[in-house]
Structures are given as C-alpha cells and as structure tokens.
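First comes the structure, then the notes that go with it.
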Amino acid sequence: MRVYNTLSKRKEEFVTLEPGKVKMYVCGPTVYNLIHIGNARPMIVFDTVRRYLEHKGYEVNYVSNFTDVDDKIIAKANEEGVSSQEISERYIAECQKDMEALNVRPATTHPRATQEIDGMIAMIQTLVDKGYAYDVDGTVYFRTRKFQEYGKLSHKNLDDLRSGNRSLLVTGEDQKEDPLDFVLWKPKKEGEPSWPSPWSDGRPGWHIECSVMSKKYLGEQIDIHAGGEDLIFPHHENEIAQSECCNGKEFAKYWLHNAFLNIDNRKMSKSLGNFFTVREILEKYDPQVLRFFMLSAHYRSPLNFSADLMEAAKNGLDRIRNAVSNLKYLMDCGAKAAEASDCGAQETASGMTIAEEGLLAGMKGYEEKFDEAMDDDFNTADAIAVIFELVKFANSNLTSENSRALLQAVYDEIVSLSDILGLIVEEKEDLLDADIEALIEERQAARKAKNFARADEIRNLLAEQGITLLDTREGVKWKRA
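Quick note, this note's numbering runs 1064 ahead of the 1-based positions in the sequence shown.
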C-alpha cells in the first residue's frame, strides 16, 4: 500500500510504527453551527480510509476531536445569551446526527478540548521549561525560530513568511519576540470561559489542543495525521513544532490532506450565497448520495459540488442498488423455480454448475482490482469504477436460472466492496409487527430492571426504523412514521 505524504510530497510505502496497528488522528470540527458540506468531505474521506485499513486487517485507533472552545463558539453564545458549553453540546449532538446519516462511524475516541485543559497546561509548561515558549503578561507564545524544522510540512520558509505575508501574523505582535511566534495560552476576556494556569486565568490556543489530545489518546508518535488541506499551515505546522519540541521525537509519520470542495466552480462562502450545510443537502438527497459524490473523486483532487453532479451521483448509486435488488429478485425467482422442478444442470459440491464456478473464478479479479485502486493512495474513484464493472458483470451474465449459490456470491461481493467505502446499497427491510412487539416487551423488561441504557438503545433502534413509541396509561403504543 502506498500513500501520498504531504511531508515528503510523494507517495510512500505504508509501514506502521507497530505491526498490525494504526494510530490515526483526524482534526474534527469547531462546533458552533451545523456542519457544512466542506466539513463533510474529510469526515467521509478519512472514515473510508479507516474502513479500508480495517478491511486490510489493521487494528485502527481512530481519534477525531471536537473543538468546543473557540472565538466563534463564544460569539454564538453571547449572541444567544447562553453559555459556550450549551452551544458546543448542541452542535456536537447535531454533528453526530449528520455523521450517522452519512454512515460515518464514531471514532474510537472523540475527545473535547475543554476536557483536556490540564494536559494542555502541562505541555505548555514543558515547552516553557525547555525554552521553546515564553510568557508575556499572561500570554504564552511559542518560539517559532527555535524549532529548526519549522515549515517542513507546508514547505514554507520562515523569512519569506515574515517579509511577504503580513496576514499570517496574529494580534499582539508588538509583545512577541518574533512576529511569527504563535499563541499557546491567552488570558481571558470579559464574558469568556476560562481556566486557571500558572500564567493567567484564560484558555488555550487552538493549535495546542490537537497536540495534547493526540498524545493522550494515541501516544507521542502516530502513524497518520489527517485533515483538510486548509489545515496544513499554520495549524498542522504548529502541531508538529509543539509536539516534536515537547516530546523530542517525530510526531506523525504520514500526513494526509483532502483538497477543497467548491460550489459551482467557486469557493464556498456565505458572502457568495453558496454556503450549504449537510442538513440542507439531506433535505433533497439520500445521505448515501452525498457520500457517493464525495468518494467519486480522488481525495487529493478538488471536488466541485453542483446539482448536475449530485444527480450523476444519485444515478450512479441507483445503478449499484438496482443491481443488488435485481440479484435478490433473481434469488427469489430461482428458489421458487427450484421448488417447482427438480431438473437442471448438474451442480458441484459448491452448489454451482461447473460453468458457474468458472464465472465465479473470473469474478475474483474484481476484488483484486478494487484493492489495487485503494492501495494506490486510497483511490476511491477507481474503486467505484471496479464496483460498476462488477455490476455490469452481474447484469450481463446472471439470470434466475443461475444457482442461488452463484447469485448470492455476486450479491455479497457487490455489497461487501460497497461497504468498505461506507456505501449502503442493500434495501432496508421493515420490521414485522411481531418483531416490534417483541422489542417493546424487551424494553419494558429492561426498564423494570433499571437497565436504562438498553431501554434507550431499543427506543433508538425502533426510531431508526421509523417506529414511534407512545407511553400511555394503557401501556406502550406504537406507530409507523
């Protein structure tokens, strides 16, 4: 397997720090509003990377944070007259709903910045003790020039940055030893949440948060650090500086970055009126269509969002789903035909004819081609093309006269390869009334036993199937949505 490493600007053979295990950190959203479709791209892309690594047999420790203290969160809280925590809790819950809709699996750990403040203070103190950071009236800055390799990820030169890009310099530069030094800790302002520290009551800078959360949940060295390409500089560059100066070793082995998402060939922005939340898109499209669209281009290629391209994605996904549905229909037809007649070609021990076994042997090449595509820097576009080839194979070669064993094998292969990409192509079967009643009885028993976690789990399961529970004096009633 080869992956493109932003650090070296080339594809490299993927070799993990520990055989069979992958430690992976992906920068998560700042939770002050509903996530937009630009946020969704890294979520979907790196969820797919994780799924493929697990398909290859790796045990993946996948950490993705929520930034729940930030200027934008504070501004939103002040605007609504509520606490920052209320804002962040609300939008973490909304983000999780969108992630579930897009079939993005929960991370192994979803740390929150506000729960890791002690670790941030400890790392900042280490940097101060080592001479990499300094305090000016309660604000702690990182000495950028003291880290000799600063710029190695973004391939930027510090002197060029200082002379040619004033917009990169943060406020308070007159206090700093160097205009490019960045903030590790800042004193609180009126109306802001704060925590006590050796330097001032205040809060951490954004960059230190990910360094600390990565170290706590994955260790001092990790295999993969990933995020959008907008994070390469300064966020990921600063993470490297902090982590490597604190820990004295290489921070991350491979850096993966997805390219931007444009809207109708223009950068997405509220001022242009082309800013869309995931929730708005899901009002018009099946969530799986959005996921399919995001995977239809290589993750390092800019992706253009438009109504036409979403329709193309819908048609593409429908093509796969129709093939799966047709295979299921053919299996049902074949089973009925078999009941009505004992005649047919001689089957082998596999339940297939010799000719069918030949067809199945030819089909194995599709999985190899799929793996070849994904082994080449997670090329999901080519992987989807392989699934289409498999669909064409099924549509061209299979009928109800084929054995159930062959039909099932092709069905399973299409579903399995789609699932590696997180694409749901099987139709959901509605729960039977008897199943619903049985689950409600189990829920009542769980509540009586004070097993409220299981009771909530059953309610959520039924809700996902469109079943609403009503607790009445006569007992629990239910209805389909």
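Yeah, the Cβ is synthetic: ideal placement off N, Cα and C, and Gly gets one too.
Quantities reported herein were computed from a predicted structural model and do not represent experimental measurements.
Strand pairing of residue i, partner residues [DSSP]
i, result
"Ile-1531", "Arg-1544"
"Tyr-1198", "Tyr-1205"
"Phe-1246", "Phe-1206"
"Val-1067", "Glu-1076"
"Gly-1539", "Thr-1536"
"Pro-1266", "Looking at the sequence provided, one finds Gly at residue 1266 rather than Pro. In the DSSP output, where bridge partners are listed per residue, Gly-1266 has Pro-1251, Trp-1259."
"Thr-1131", "Thr-1094"
Proximity below 9 Å, CB of residue i to CB of residue j
i, j, result
"Pro-1251", "Gly-1202", "yes"
"Leu-1248", "Phe-1206", "yes"
"Trp-1319", "His-1300", "yes"
"Gly-1292", "Phe-1324", "yes"
"Ser-1307", "Ala-1445", "no"
"Val-1067", "Ile-1288", "yes"
"Glu-1491", "Arg-1385", "yes"
"Ile-1345", "Leu-1336", "no"
"Ser-1275", "Glu-1303", "yes"
"Ile-1185", "Ser-1278", "no"
"Ser-1467", "Gly-1415", "yes"
"Ile-1522", "Glu-1506", "yes"
"Met-1332", "Ile-1099", "no"
"Ala-1139", "Glu-1150", "no"
"Ile-1286", "Lys-1087", "yes"
"Asp-1435", "His-1362", "no"
Extent of the continuous alpha helix (DSSP H) run through residue i
i, result
"Tyr-1281", "1270–1282"
"Met-1184", "1181–1193"
"Val-1109", "1101–1119"
"Phe-1356", "1351–1359"
"Phe-1430", "According to the sequence as given, residue 1430 is Tyr; it is not Phe. First-last of the alpha helix (DSSP H) with Tyr-1430: 1418–1439."
"Leu-1346", "1342–1346"
"Val-1455", "1444–1461"
"Asn-1302", "1301–1311"
"Asn-1142", "1135–1144"
is_contact[residue i, chain D] using C-beta, thresh 9 Å
i, result
"Glu-1314", "Here there is only one protein chain, and chain D is not present."
Top-ranked residue by Cα proximity to residue i, from the options
i, options, result
"Asp-1499", "Met-1065, Leu-1471, Ile-1531, Arg-1169", "Ile-1531"
"Val-1489", "Tyr-1089, Lys-1392, Lys-1140", "Lys-1392"
"Glu-1144", "Glu-1180, Asn-1097, Ala-1376", "Asn-1097"
"Val-1450", "Arg-1176, Lys-1433, Asn-1326", "Lys-1433"
"Ser-1460", "Asp-1435, Met-1438, Met-1427", "Met-1427"
"Ala-1174", "Asp-1132, Ile-1478, Ala-1387", "As written in the sequence, residue 1174 is His, which differs from the Ala given in the question. Of Asp-1132, Ile-1478, Ala-1387, the residue nearest in Cα terms is Asp-1132."
"Cys-1091", "Thr-1190, Pro-1106, Phe-1357", "Pro-1106"
"Arg-1343", "Asn-1103, Lys-1085, Glu-1082, Met-1088", "Asn-1103"
"Thr-1417", "Ala-1316, Lys-1194, Glu-1465, Leu-1295", "Glu-1465"
"Phe-1130", "Thr-1190, Ala-1157, Pro-1243", "Ala-1157"
"Leu-1373", "Phe-1357, Asn-1311, Gly-1486", "Phe-1357"
"Asp-1350", "Gln-1508, Gln-1189, Asp-1162, Asn-1443", "Asp-1162"
Buried/exposed call for residue i, threshold 16 Cβ in 10 Å
i, result
"Tyr-1475", "buried"
"Asp-1406", "Residue confidence is low: Asp-1406 scores 46 on pLDDT, short of 50, so the model does not pin down where it sits. Its coordinate-derived value is still stated next. Asp-1406 should be labelled exposed."
"Glu-1077", "exposed"
"Ala-1409", "Confidence at Ala-1409 is low in this model, with a pLDDT of 47, below 50, so the placement of that residue is unreliable and no value is reported for it."
"Gln-1352", "buried"
"Arg-1544", "exposed"
"Thr-1536", "exposed"
"Val-1124", "buried"
"Asp-1245", "buried"
"Arg-1114", "buried"
"His-1219", "exposed"
"Thr-1070", "buried"
"Val-1079", "exposed"
"Arg-1074", "exposed"
"Ala-1458", "buried"
"Glu-1375", "exposed"
"Ile-1478", "buried"
"Leu-1534", "exposed"
"Arg-1230", "For Arg-1230, the predicted model reports a pLDDT of 45, less than 50, meaning its position is unreliable and no value from the coordinates is stated."
"Ala-1377", "buried"
Boundaries (first-last residue) of the beta strand (DSSP E) holding residue i
i, result
"Gly-1036", "Since the first residue shown for the chain is 1065 and the last is 1545, residue 1036 is missing from the structure and cannot be characterised."
"Ser-1128", "1123–1128"
"Lys-1317", "1316–1322"
"Glu-1150", "Taken as a continuous stretch (DSSP letters only), Glu-1150 belongs to no beta strand (DSSP E), being part of the alpha helix (DSSP H) at 1148–1165."
"Ser-1085", "Correcting the residue identity first, residue 1085 is Lys in this sequence and not Ser. Run containing Lys-1085: 1085–1090, per the beta strand (DSSP E) assignment."
"Asn-1290", "Asn is not the amino acid found at residue 1290; the sequence shown has Ala there. Start and end: 1286–1292."
"Leu-1503", "Careful: Leu-1503 lies outside any beta strand (DSSP E), inside the alpha helix (DSSP H) at 1497–1512."
"Leu-1367", "1367–1369"
"Leu-1325", "1325–1327"
Check: residue i C-beta below 8 Å from any heavy atom of the ligand SAH
i, result
"Met-1332", "Only the bare structure without any ligand can be found here, which leaves the ligand SAH out of the picture."
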